[in-house]
Structures are given as C-alpha cells and as structure tokens.
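Number of protein chains: 2
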Amino acid sequence: MTWTLARRTGRMNPSAIRELLKLTEQPGVLSLAGGLPSPDSFPVDAVREATARVLRDTPREALQYAASEGYGPLRDWVAARLAADGIGVEPGQVLITTGSQQGLDLVGKLLIDAGSAVAVETPTYLGALQAFAPCEPEFTALAADDEGPRPEALAGAAGARFAYLLPNFQNPTGRLMSDARRDALVAAAQAVGLPLVEDNPYGELWFDAPPPAPLAARWPEGTIYLGSFSKVLAPGLRLGYVVAPPALSPKLLQAKQAADLHSPGLNQRIVHEVVRNGLLDRHVPTVRARYAAQRDAMAAALRAHLPTTTEWQAPRGGMFFWLRLPPGLDATALLPRAVAAGVAYVPGAPFYAGEPDGRTLRLSFVTLTPAQLETAVAALGRVVHEALAEQPPLRRAA
Amino acid sequence: MTWTLARRTGRMNPSAIRELLKLTEQPGVLSLAGGLPSPDSFPVDAVREATARVLRDTPREALQYAASEGYGPLRDWVAARLAADGIGVEPGQVLITTGSQQGLDLVGKLLIDAGSAVAVETPTYLGALQAFAPCEPEFTALAADDEGPRPEALAGAAGARFAYLLPNFQNPTGRLMSDARRDALVAAAQAVGLPLVEDNPYGELWFDAPPPAPLAARWPEGTIYLGSFSKVLAPGLRLGYVVAPPALSPKLLQAKQAADLHSPGLNQRIVHEVVRNGLLDRHVPTVRARYAAQRDAMAAALRAHLPTTTEWQAPRGGMFFWLRLPPGLDATALLPRAVAAGVAYVPGAPFYAGEPDGRTLRLSFVTLTPAQLETAVAALGRVVHEALAEQPPLRRAA
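In order, the protein sequences belong to chains A and B. This note's numbering applies: residue 1 is where the first sequence begins, and numbers increase by one. This note's numbering applies: residue 1001 is where the second sequence begins, and numbers increase by one.
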C-alpha cells in the first residue's frame, strides 16, 4: 500500500530537541535541556480545590461540548488582565487555545500561503518554526543584537506576512527588548505595513522589574498577541489564548473550530476557578522568587566553571541562559561528551531559521535545584575546558 | 492596517450549523439540532473520583508537559480495546488527539495538497469538511444508498488522496454499513489503491447488535482509524485518537507536535483512570439503553405526527434521525417557522459536499427526554403539515 503524502510533510521534521531529549533521558544525567517549568512551582493545592469545585458545581457543563471561542468568564478575565498591561481588548477578541502552540498553528493557517515570507528573530522559538512550517513559508531571519531584532532588519522584511517576535525573555536567548527597541520596531513595522505576531509566554516571569509595555499595546490594530497559562500555572492543562484585531477574529475562530472544536471545558473552568480570586497575584511572585534564585545559582556556576571566553548574559526573567562557547567549539559536536559527563543541554542550531551559529547552546535553569545546577554546570565546564585543551595550539590562541 | 489572509481562509466558512444553533438558542425552543450527548449520560461520579486520584497521586506529572504521542498507559488501553474489535495495532501506532476533530485536522495536513481529490460520503460529517477545507481539497461526493457509499462510486474515486468513511451510525444520516457493504468497499478501495480514513465516534452506541468489524480490521495497511472518548465518556474532556499504519506514524506525530505539543496530560490521566478498571463495560450499556429509549420515542413521534410522505428510517445506533421532507418542501426555508413553533433542527444541506438535497434534515434524539421529543416532533409535524397545505394543488398532488 502506497500513501501519497502532502507536500507540506516535507517541511515537517523530527524535532531536533525532541530527539536530543531522548539521548539525555539517561539515569545520572542532569538535564538543562528541557523547557519544563519546575513542578514545585505548580499550584497543586489550588488546582485540586478548583477542580473539586468545578466537578461539584458544574460537572455537566464542564464535561459537555462548549463554545469554540472559549469559556466566557475566562475570556473576560483574560481581557481584564491584558488591560492592566495596556492592551485594551474586548473579551470578544480573546480566543482560548489548546496551549499557545495551537495559537501559532492557527495564526499560520490564517496568514501564511506556501511561499509567503515570514520574518523571525535570529534565533527564534523552535516550536514556532515547527508550527508555521506546514504552511510552507519562506523564513526571513531578522538580524538581532542583545535587545532583539534590529529595526532596520524589520524594515527590510517589508512584504512578509508578519514578523514573529518574542519581546520578553525570549526562548531561546532569554533576551528582553527594551522600551526604546519596542518603539523602534513598531515604528519600523508601521512604516512598511508589516503585521506583528507577539508571543508572550514568559512576560510574567520577570525577576527585577516588569517588562516594558507589549507591542500589542503600542500597535493594537497591527498586532496579534499570544499568551499562555503554561508558565504561570501549569503546562499540562494546555491552555493559552490569542488576541487578534477584530477584523481577523471570525476567520481565526473558524480555524479554531476546524482544528479541535474547542479547548477542553473542564480545563478552562479549572483555570478560571484558580485565577478568578487573584491566585496569580499571590502565586506568580513565588515562582519569580524561585526562578530568580535558580538564575543566580546558574550565573554563579557559569562564572565559576566556564572559560572566560564563553559569552553569556544573565537573563532578567524567563527560563533560559544562552551561551556562546569559545571560538572553535561546536555545541552539537560537544553534546555527547557532555551527556557522558552527566549534563545535557540543547545546542542552539535548531533555533535558527537561517545560518546557525554552531557555538551557541541553551540552558534551562528552572527544572533543577540550585545545588544540581552547580553540579551540572561544573560538569559542563570540565567538558568545555577539556575540549578547548584538545584544540590545535594556533586555534587555541585565536 | 491591512492584513493579507492566506488563500485557504477563503475555504473557511462560518459553520451553518453554528449560526443556526444561535437562532435556536431561544427560550421555549426544544432543540433537536445539536449533536450534544445527554449530560445525564456523563459518568460524573467516576470522573470526580478519577480526577481526585490523579491529582492526589500524580499531580506533578499530570500538570507537566508530556509526550506528544499521548500518555503511555492510555495508548496501551486503546490498543488493547481495538484488538477486541479485530484491529491489531501496536500501542506505538496510537496517537492521542485533542478530540477526534483534531485527528481530522492532522490527517488533512498529512495527506491533502491544494487541489487533491478527497472522496466523502453523500452526505457526510460537516466537521470533517471543515477540518479538511483549510488544506484546499476538491471534494468528490460518493453516491450512496441506505448502507452508505456505493462500491462502484468508490472505484470511480481512484486517484483521490483518501475516502473518508463513517461506517457506524453516520453523522448525519444515522446509517450503518452492512458487513457485505464493508467488504465490497474495501475490495473496491484495494483494487484502485485508494486509502481509507475511517471515523468511528458512534460505534459503541449500538442498540440492537454490535456493528460489523471496522474497515481498519479488514485492511489495516490501507486505513487510518479515528476514535473518540466524547460519546462514551464526555466531550468536554476533548480526547480522541488516531491509529495509522506504522509508515505514517512519524509524520503524523510531527504534525501533532506542531499543532498543540500534546493533548492535556491531566485529561488523559483522568480518562485512563476512569477506563482502566472496565468502567466502559458497565457504563456504555446504560448509555445505549438510554439512547435506545429516546430513539424509540422519536420513532413513535415521527410515525404519529409526520406526513407519510416523509422519508426516514429508525437508526440502529448513534444519535441521529435523518428525514426527507415530502416533495416540494425545503428544510432550510422551513426552519424559521419551526423555531417559531418551538422546535429546532439542522437542515441537511450543509452536510453535502456536492449538490445538496434540500428536503433533508437531521434530528438528534439524545439531548431531550422522551416526553420532550414527543412535544418537539409534534410541533415539527404541525409545521410540515401546514407547509404542505399551503402548496399549490398540483404540487400537493405530486
């Protein structure tokens, strides 16, 4: 029996990260690879109580088919929460999705034709590349610095269907766009009529100060905004949301309906029950404090164990450090040695839509304890020092 | 601000049913329109207990990111359950989806290119037309009789990417494919190398005798099989599954990962906890008995209140009656009068990929009580009799 596959399947590839994670799931390996929030950060008691209430008070509604737009009170809550960030939206613009990954899938369906240009950061979130790929775009990699993509690069992407941007503690680099950079990017996008898709899974996870206002607050009619409950509550509930300009809402809703009818009503009611009395205002600060301590532990370990020719900056929020190994080293080639030494990470190459920088790698600091982070980074340091020592003298001197 | 929409959005349309349902959500209207299982059929206590156990014993695992394939023990359970239906599958072939609607979305992504032919029944499940539409297929409507599509029509669809078939108590017609028809369809498909996509949400809801063996049991290497927990447990959990030949599994998994990373782990663990000790074997017979009584009530009401020139057959399972109004009447035109008279239904036209039969309509018998069904069908009967009486004499005599 021969099956004819759709052409788009040629653009689907096994996730390099996924394959790597299998490699790292060995006993005795401390993994800095995954993007998993610490389970210690899940508000388990609140979820238990909320779930019990939902299944006591509204079991029939929670278990029945529901509206594709999402659970009304949860949409209201999201709209009110976003208003506090300066994004003035009507609840009718809020579409509840099965994780923000589904939001990316729906945005792709809505805006990308085969061969359309889509501008992405250098590097960018791998899951977005995977979500958009089935629509067969041509990716344009926007040149970037420590503050994100450069405004002139955005201006050069005129004609793309949209630019996909992660202003807050970006996955994978952890970088934060400054207020001035946000203004400049929005001005550049407005000048050429380039729509923005703003993905904000990590915005609540700031350690020092809240991030500047979102792009959507600066240019609501030109921006689609994606949010998620995965990082502030728990990812296993699979709930996120998309906020789109009103003109796009009907088609976005039709795409959602075709994709899975609606996100699970039980989960939406649980989340609403958890958040409606302000749990996030009490809970998220505890997550921030936990992650900030882990960030500090990893920064200290990196200073102690990595060669000074390793480039990195401590992130001001989120979940990731982005490292650039000393010249001559390749993060993908080094991974098997690191795993043998008891530590795993994700090489940076898969995060590039264009030419990858083989020296880069991503380290998550939120899954392990500070003590484990010290042990893991020490092992990584030994591997890097050993690899450096093996380089030809000329190369080592470079 | 002007957004350029992808071409495929031209194929997305507001669900006619969805729009109609809004019309019918008026106080005092008895709705036979929705495809909603009766909430009285939800095993609420079992879900409560299962949920409490999951959140007591494995809260961190249930709330964490999880494998895109689905929760291992649930995949094992599905494989074992299917084996009882004669479908020999490895658990590795089972992909857990966010409702079987997502299974249709993934199958479309896997197999449909723009312009590909896709063969569907006449009429067919509207949600499948909507799921496939974003991939821009050309639908081929297979001529059908009371047993489903005719084998010679299937042979005539050679070259299509697949034929989408619902052998058990089809939505919308309620029809059941006989054992002989299944054999003939599989033989016709094999003869021309036409893959099959078998959708089986209603197979467990038989009233008189279990349906014949699935198509996938007759031709495993040529059939993708979709199942669902929506009709035997509860739709609000949004869990279904796709079983594909092993050669297709990797690309299907990549499509799933890109679409929503994974279906909610909490929900998967709840469902596994509910089913693992055999609850379905105790629960589903109660659903069958409930729906059979409702089927009987609707059949009696149709016999009592509809003109004898109305064509219908009592379904042997599932959730729907399919009616063909007397000559000269149009189900879409009649709907506002029916709603005014206190009863709603879904006109048949949207279920046709090809030329619709305007006389047809779908009635659900599972949401209302037998007494409500009698009242609703009596109202429908009055409306039909009135409309007939208004026809010109020549027409009425026809």
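Heads up, the beta-carbon is just placed ideally off N, CA and C, and yes, glycines get one too.
To be precise: take each residue of the stretch 1088 to 1120 of chain B, compare its Cβ to all Cβ atoms of chain A, and keep it if any distance is under 9 Å. Which residues remain?
Taking 9 Å as the Cβ-Cβ cut-off against chain A, the residues of the stretch 1088 to 1120 of chain B that qualify are T1097, T1098, G1099, Q1101, Q1102, L1104, D1105, G1108, K1109, L1110, L1111, I1112, D1113, A1114, S1116.
Spatial neighbours of Q1026(B) within its chain, please: CB distance less than 8 Å, with the 5 preceding and 5 following residues excluded, ordered by chain position.
Taken in chain order, the residues that qualify are V1339.
Whole runs of the alpha helix (DSSP H) within the stretch 1346 to 1377 of chain B, excluding any shorter than 4 residues:
Listed in chain order, there is nothing to give.
For G88(A), count neighbouring Cβ atoms within 10 angstroms of its own Cβ and tell me buried if that reaches 16, exposed if not.
The residue is exposed, with fewer than 16 neighbouring Cβ atoms inside 10 Å.
Go ahead and label E1121(B) buried or exposed: buried means 16 or more other beta carbons lie within 10 angstroms of its beta carbon, across all protein chains shown.
Burial call: buried.
Over the uninterrupted beta strand (DSSP E) stretch that includes T140(A), give me the two end residues.
Element bounds for T140(A): 138 to 142.
Are there 16 or more other CB atoms within 10 angstroms of the CB of G1240(B), so buried, or fewer, so exposed?
Classification for G1240(B): buried.
List the whole-angstrom C-beta distance separating G1358(B) from T1332(B), where the pair is believed to meet the contact cut-off of C-beta under 8 Å.
Correct: roughly 7 Å between the Cβ atoms.
May I ask you to report which of helix, strand or coil DSSP gives V89(A)?
V89(A): coil per DSSP, three-state reduction.
Terminal residues of the continuous beta strand (DSSP E) containing T1122(B)?
T1122(B) -> no beta strand (DSSP E), and no H or E assigned at all.
Starting from the Cα of V1287(B), find the closest Cα among V1366(B), P1212(B), R1218(B) and give me that residue.
The closest CA to that of V1287(B), considering only V1366(B), P1212(B), R1218(B), is found on V1366(B).
Opposing strand residues paired with W1003(B) [DSSP bridges]
DSSP output for W1003(B) lists no bridge partner at all.
Using the three-state DSSP reduction, which class does T1009(B) fall into: helix, strand or coil?
Helix, per DSSP.
What does a CB cutoff of less than 7 Å around S1399(B) pick up in its chain, not counting 5 residues either side in sequence?
Residue 1399(B) lies beyond the stretch modelled for chain B, which goes from 1001 to 1398, so this question has no answer here.
Nearest residue (CA-CA) to K231(A), options L205(A), A209(A), Q254(A):
The shortest C-alpha separation from K231(A) is found at L205(A).
Helix, strand or coil for P404(A)? Go by DSSP, reduced to three states.
Residue 404(A) lies beyond the stretch modelled for chain A, which goes from 1 to 398, so this question has no answer here.
Quick check: what's the CA-CA separation for A216(A) versus G86(A)?
For A216(A) and G86(A), the distance between alpha carbons rounds to 8 Å.
Three-way DSSP call (helix, strand, coil) for Y164(A) in this model:
Reduced to three states, the DSSP call for Y164(A) is strand.
Could you tell me which uninterrupted beta strand (DSSP E) segments, each at least 3 residues in length, are contained entirely in the stretch 1063 to 1089 of chain B, listed from first to last along the chain?
For secondary structure counted as the beta strand (DSSP E) over 3 or more consecutive residues, the stretch 1063 to 1089 of chain B holds no complete run.
V400(A) by DSSP, collapsed to three states: which one?
The shown model of chain A, from 1 to 398, leaves out residue 400(A), and the question about it has no answer.
Assigned secondary structure, F1132(B) (DSSP; H/G/I helix, E/B strand, else coil):
Reduced to three states, the DSSP call for F1132(B) is helix.
Proximity below 7 Å, CB of F1132(B) to CB of G1159(B)
Cβ atoms of F1132(B) and G1159(B): not closer than 7 Å.
Which residues in chain B sit within 7 Å of R235(A), going by Cβ to Cβ distance?
Inspection of the sequence shows that residue 235(A) is occupied by Pro rather than by Arg. For P235(A), the C-beta contacts it makes with chain B under 7 Å involve Q1064, Y1065, in order along the chain.
CB-CB length for G1222(B) against G265(A), believed under 8 Å:
Not really, about 36 Å apart at Cβ, beyond 8 Å.
Who pairs with F1321(B) in a beta bridge, going by DSSP?
The partner list for F1321(B) (beta bridge, DSSP) reads L1363(B).
Tell whether a beta-carbon distance below 7 Å holds between A1033(B) and V1343(B).
With contacts defined by Cβ atoms closer than 7 Å, A1033(B) and V1343(B) do not form a contacting pair.
Cα-Cα separation, L1110(B) to G10(A)
Taking the straight line joining both Cα atoms gives about 10 Å.
Find out if the Cβ-Cβ distance for the pair V383(A), R337(A) is shorter than 7 Å.
For the 7 Å CB-CB criterion, V383(A) and R337(A) form a contact.
Buried/exposed call for N1168(B), threshold 16 Cβ in 10 Å:
Counting the other CB atoms within 10 Å of its CB gives N1168(B) a total of 16 or more, which places it among the buried residues.
Quick check: the stretch 1196 to 1214 of chain B against the stretch 1165 to 1185 of chain B, are there 3 or more CB pairs under 8 Å?
Result yes; three or more Cβ-Cβ pairs closer than 8 Å.
Tell me whether R295(A) is buried or exposed, calling it buried when 16 or more other Cβ atoms sit within 10 Å of its Cβ.
So R295(A) counts as buried.
Classify L1095(B) as helix, strand or coil using the three-state DSSP reduction.
Assigned with DSSP and collapsed to three states, L1095(B) falls in strand.
The beta strand (DSSP E) that contains E1198(B), what's its start and end?
Its beta strand (DSSP E) spans residues 1196 to 1199.
Cross-chain neighbours of E1069(B) in chain A, by beta carbon under 9 Å:
Near E1069(B) there are no residues of chain A at all, since even the closest Cβ is about 11 Å away, more than 9 Å.
Extent of the continuous alpha helix (DSSP H) run through G1240(B)
For G1240(B), there is no enclosing alpha helix (DSSP H); the enclosing beta strand (DSSP E) covers residues 1240 to 1243.
Buried versus exposed, by CB contacts within 10 Å (16 or more), P1043(B)
With 16 or more other Cβ atoms within 10 Å, it is buried.
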